[in-house]
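**Q**
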Amino acid sequence: MNRFSDIDCSFKRLAPVYGFRVAKLVSIEEALQSVESQIDELPYFINVAKRHCHYPSEHGLTHDESASIYIYTMEWGEQTLYRVLNKTLRNENRHLCKIWFPYLKLFDTALNKLPTVKEVVWRGITADIGKNFTKNQRITWWSINSCSSSVNVIKGFLGNEKNSTTLLIEALNGKKVSGYTKYESEDEIILRVGTEFRVKSDALEHPKGSYHVHLIEINDENNDNNHTSNPQPKLPENNVTTPVSPPPTFGKITEPDDPSKDSKQPLIDGNGGFESENKNNIKQSTRPQTGSCLFHRKSKLILIIIVVLSLITITSITIWIIFIKKTETTINGPKWDKWKQNAITMAGGNGQGQELNQLYGPQGIFIDKNKNIFIADTYNDRIVEWKHNANAAQVIAGGNGRGNRTDQLNKPTDVIFDQQNHAIITADQGNRRVIQWLNQKQQILIDSINCSRLAMDKYGFLYVSDWKKNEVRRWKMAEYNNEGIIVAGGNGKGNKLNQLNSPGFMFVDDDQSVYISDLNNHRVMKWKKDAKEGRIVIGGNGQGGNLTQLSYPEGIIIDHLRQIYVSDFGNNRVIRWCKGKEESEIVVGGNGQGNQSNQLIGPGGLAFDNEGNLYVVDHWNFRIQKFVTVL
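Under numbering that gives the first Met the number 0, the sequence shown has 529 at position 530, and the numbering climbs by one with no breaks.
1) Are Glu643 and Val152 close, meaning C-beta to C-beta below 8 Å?
2) As an exercise, report each continuous beta strand (DSSP E) stretch of at least 3 residues that is fully enclosed by the stretch 145 to 214, in chain order.
3) Using the Cβ count rule (16 or more neighbours within 10 Å means buried), how would you classify Phe156?
4) Could you check where the alpha helix (DSSP H) with Asp107 kicks off and where it finishes?
5) Count the other C-beta atoms from every protein chain shown that fall within 10 angstroms of the C-beta of Val150, then say buried if there are 16 or more, exposed otherwise.
6) At which residue ranges does the stretch 463 to 517 contain complete beta strand (DSSP E) runs of 3 or more residues, listed in the order of the chain?
7) Could you name the residues of the same chain whose beta carbon sits closer than 6 Å to that of Leu358, not counting the 5 residues immediately before and after it, in chain order?
8) Does the beta-carbon distance from Pro602 to Asn571 come in below 8 Å?
9) Can you give the Cα-Cα distance for Leu203 and Trp121, rounded to whole angstroms?
10) Would the beta-carbon of Ile188 fall within 8 Å of that of Ser142?
11) Is DSSP giving Leu408 helix, strand or coil here?
12) Confirm, please, whether the CB-CB distance from His521 to Ser501 is below 8 Å.
13) From this set, Ser596, Ala30 and Gly352, which residue's C-alpha is nearest Arg381's C-alpha?
14) Go ahead and pull the three-state DSSP assignment for Pro42.
15) Where does Ala30 sit, in a helix, a strand or coil, going by DSSP?
16) When you compare the stretch 19 to 33 with the stretch 93 to 110, are there three or more beta-carbon pairs, one atom per stretch, that lie closer than 8 Å?
17) Would a C-beta distance cut-off of 8 Å place Ile574 and Phe506 closer than the cut-off?
18) Might you give, ordered along the chain, the residues of its own chain that have their beta carbon closer than 8 Å to the beta carbon of Gln631, omitting 5 neighbours on each side?
19) Cα separation between Ile138 and Phe10?
20) Check each candidate in Lys475, Asn144 and Ser596 and name the one with the smallest Cα separation from Asp7.
21) Which residue marks the beginning of the alpha helix (DSSP H) containing Glu64, and which one marks its end?
22) I'd like to check one pair, Asp427 with Gln362: are the Cβ atoms closer than 8 Å?
23) With distances taken from CA atoms, which of Ala530, Asn545 and Lys531 is nearest Ile632?
24) Could you check whether the Cβ of Arg534 sits closer than 7 Å to any heavy atom belonging to the ligand SAH?
25) Counting Cβ pairs closer than 8 Å, one from the stretch 11 to 21 and one from the stretch 63 to 83, do we hit at least three?
26) Could you check whether Ala391 and Gln624 sit closer than 8 Å to each other, using their CB atoms as the reference points?
27) For Asn225, is the classification buried or exposed, using 16 other Cβ atoms within 10 angstroms of its Cβ as the cut-off for buried?
28) If you pair each beta-carbon of the stretch 483 to 493 with each one of the stretch 454 to 473, do three or more pairs fall below 8 Å?
29) Of the residues Tyr479, Phe460, Asn449 and Met455, which one's Cα is nearest the Cα of Trp466?
30) Where does Asp510 land, buried or exposed, given buried means 16+ other C-beta within 10 angstroms?
31) Let me know the secondary structure DSSP gives Cys96 once reduced to three states.
32) Since I believe Ala109 is in contact with Ser67 (beta carbons under 8 Å), could you give me their beta-carbon distance rounded to a whole number of angstroms?
33) Please check the pair Tyr614 and Ile372, which I expect to be a contact at CB under 8 Å, by giving their CB distance rounded to whole angstroms.
34) Do you know whose CA, among His53, Trp619 and Asn162, lies nearest Phe633's CA?
35) Which value, in whole angstroms, describes the spacing of the CA atoms of Asn356 and Leu190?
36) Of all the options Tyr182, Tyr210 and Gln136, which has the alpha carbon lying nearest to the alpha carbon of Glu195?
Spelled out as structure tokens, the structure:
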């Protein structure tokens, strides 16, 4: 057994452990003095920890706090500290935990000073416990839970065991302890005592009797105590309360503004004259006022000329409108309406991995005019280009190991290909920066930003969503030596109309209105240029699987007919909202969680090519799917 496989398989319901929070903060020697009888040679191991721990600490940990983490990760047999401690924390006799309170206080204090991470982490055990996990089941782990952000670490511990269970966990409040552990290469993330989870779906059974379990961490914000039948959990789960200032419409789409509403349309009245109808439906007559002159021959001739000229004008306008519409169809492609439901895998699809024919947790994509696919291959810390119909990719950014050098990336989440300058712009989320790659030369464009996703408008402005500050900022191209301009959010985390909660993917229209996937509010917001608040255009009815709801929206695009397409991550489908409709319609997916050609697991980024084919990032199937349009 190791820390990563030290998993409670009993699912026993235990009384909470929280008394350590009010314990006195003491040295590590004092903190562990009361458990010396349980661990042989404990003072020796404490001394080793103090000599080899990471101190001084750039995070402000004291020597004792740093040592408390180091000794937790040490291995020396059956009496290894973490084994004895976790066994006690799982014991039904909660009084046995009290002697550990001083150490837990020291350990917890140390964790508080370390970075909090919100990412996918992994655990694994050489036992087929996967069948014990059922969809929507809620569990609590009362032990200290060691996870790794690298699945390869877990694979290394599991080896080739036939009966094993791998746990994929969407962590919300993980603590990054790598750098403070004995084994720094294990990329360790700690989930604290009492962390709660919801099982995303029934375990997936793989060959050789192995299982794959998907868990979602529950925190104070997404703890749905009224959870009853058939909930729609997602990564990570959140129950959104009713906004303080509710929008006027819920469930019904309030589409992008139709410019035709404000245009004046020529009409013919019953007497051959003209009227114009404005947006207030007030008819303004422009019919010639001939009066009694109509009885004179000359006036009749004038009237005939006017009518003829009017008819010529009407005919010309009609021909011009037909020409414009035909031109629009030629430029924008056919009127996309349906797609074949069985997709073609265009990239990946060869299992999770780091080979050039594999992907690992892809998120954002970009399709160029030649149908080449640029992919943010997140957990492989690289950007890859998959040529049209190629069998493997080529690395065009990163791929040099996870790190913060300019030639490295750390969990990139989105990519834009600047076709004019042939530059790659990447949201390097783990390094908190936006970086540009041009001819293998790197330039940090924006630093110290919790970047989530990127977008660019037709004027060359760059938009960056900040998941931590809950805002979207805009920069003018090549002018990044400033803080940018807030164009959405920036009023703290929340669900009011002037707030966002973990904004992600964006789409910017020609009017520079920004459409934002407001992830943890389960809605899509539209912020007009210079607006002080947004409005809900999709969702806003709480998390769920109904066609008036979303569950953690991700990718978002708008077609030439101003229809909005959204990756409904938690419902494993892509939906479309059309103007005037009371609910959405499923475009692709929605056939349950799986890896068949008509199924998705966690759809992410979206893109159209110039023929109207729809590309979907199939996040947890580690592939990019192309759904061919039906003409």
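C-beta atoms are modelled at their ideal positions from N, C-alpha and C, and glycine is treated no differently. Note that the structure is a prediction, hence the values are computed from the model and not measured.
**A** The structure says:
1) Here the chain covers residues 0 to 630 and nothing more, so residue 643 does not appear.
2) 164 to 175, 187 to 190, 194 to 198 and 203 to 205
3) buried
4) In the DSSP annotation of this structure, the continuous segment of the alpha helix (DSSP H) that includes Asp107 starts and ends at Phe100 to Asn111.
5) buried
6) 470 to 474, 484 to 488, 502 to 507 and 513 to 517
7) Gly347, Asp376 and Phe621
8) yes
9) 15 Å
10) Ile188 places its beta carbon 8 Å or farther from that of Ser142.
11) strand
12) no
13) Gly352
14) Note: Pro42 maps to helix in three-state DSSP.
15) helix
16) yes
17) no
18) As displayed, the chain neither begins before 0 nor continues past 630, which places residue 631 out of reach and without an answer.
19) The alpha-carbon atoms of Ile138 and Phe10 are separated by roughly 7 Å.
20) Asn144
21) His62 to Thr72
22) no
23) In the structure displayed, the chain extends from 0 to 630; residue 632 sits before or after that span and is not available.
24) Looking at this structure, you won't find the ligand SAH or any other ligand, since it has none at all.
25) no
26) no
27) With a pLDDT of only 38 at Asn225, under the threshold of 50, the placement of this residue in the model should not be trusted; the figure read from the coordinates follows. Burial call: exposed.
28) Yes, they touch.
29) Asn449
30) Per the 10 Å Cβ criterion, exposed.
31) helix
32) 5 Å
33) 7 Å
34) As displayed, the chain neither begins before 0 nor continues past 630, which places residue 633 out of reach and without an answer.
35) 33 Å
36) Gln136
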